[in-house]
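Working notes for the structure below.
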Amino acid sequence: MKIRIIEEYDVASLTDLDINQAKKALCKAFSKRFKTRAKATVILVDEDRIQSINRDYRKIDKVTDVISFEEHEEKGYIGEIFICIPKAIAQANEYNHSLQREFTFLMCHGLLHLHGYDHLNEDDEKVMFSLQDEIMDNIIKR
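Each residue of the sequence shown is one higher than the last, beginning at -11 in the numbering used here.
Spelled out as structure tokens, the structure:
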């Protein structure tokens, strides 16, 4: 698995976030789990950008933490994940864990969506969240 990061939101000052560490760990975990050579893009954005995307594509006019878009036009490319960094910071504080864990969690969540998992009903949610926990527990401390 290969992940390209686009920083629309400047994360240089966030000393408690190592994007490359999250990327490497998730690439390894997803390559092993799904036996895939898939490629995806992760775009780091602010509240205005993610709210605009949420409003335009999901008809929900509010800030959210992560949005994924599947893409299958290019062979091997599975899609894009938008992660709202200010929302990730707020959630890390709210859940009393590191920004590194929150960011890795959001990227993992988005990648699972791009691999066809969803949580629209209780059964699908159990499957997706169980796999999400399994992957996260293997790559980062709670």
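Beta carbons: idealized from backbone N, C-alpha and C, even for Gly.
Under the rule that a run must span 4 or more residues, the alpha helix (DSSP H) segments found entirely inside the stretch 61 to 104 read 73 to 82 and 87 to 102. R46 carries a helical assignment under DSSP once its states are collapsed to helix, strand and coil. In the structure shown, the three-state DSSP call for L14 is helix. Cβ-Cβ distances below 8 Å link I(-6) to T29, V30, I31 and L32 in the same chain, with the five nearest sequence neighbours on each side left out; the list follows chain order. Under the three-pair Cβ rule at 8 Å, the stretch 90 to 101 counts as touching the stretch 54 to 64. In the displayed model, I31 falls within a strand according to three-state DSSP.
Annotation: E(-4) is outside any beta strand (DSSP E) and is labelled neither H nor E by DSSP. Taking the Cα of M(-11) as reference, the smallest distance to any Cα among G67, F117 and D112 is reached at G67. Look at V51 here: in three-state DSSP terms it is coil, with no helix or strand label.
Measuring C-alpha to C-alpha distances from L14 to each of K114, C96 and R37 identifies C96 as the nearest. About 14 Å separates the Cβ atoms of Y105 and L94, ruling out a contact at the 8 Å cut-off.
One alpha carbon belongs to K75, the other to E61, and they sit about 30 Å apart.
L108 sits exposed, since fewer than 16 C-beta atoms from the chains shown fall within 10 Å of its C-beta.
Under a 10 Å Cβ-count criterion, A0 is classified as exposed, with fewer than 16 other Cβ atoms of the shown protein chains found around its own Cβ.
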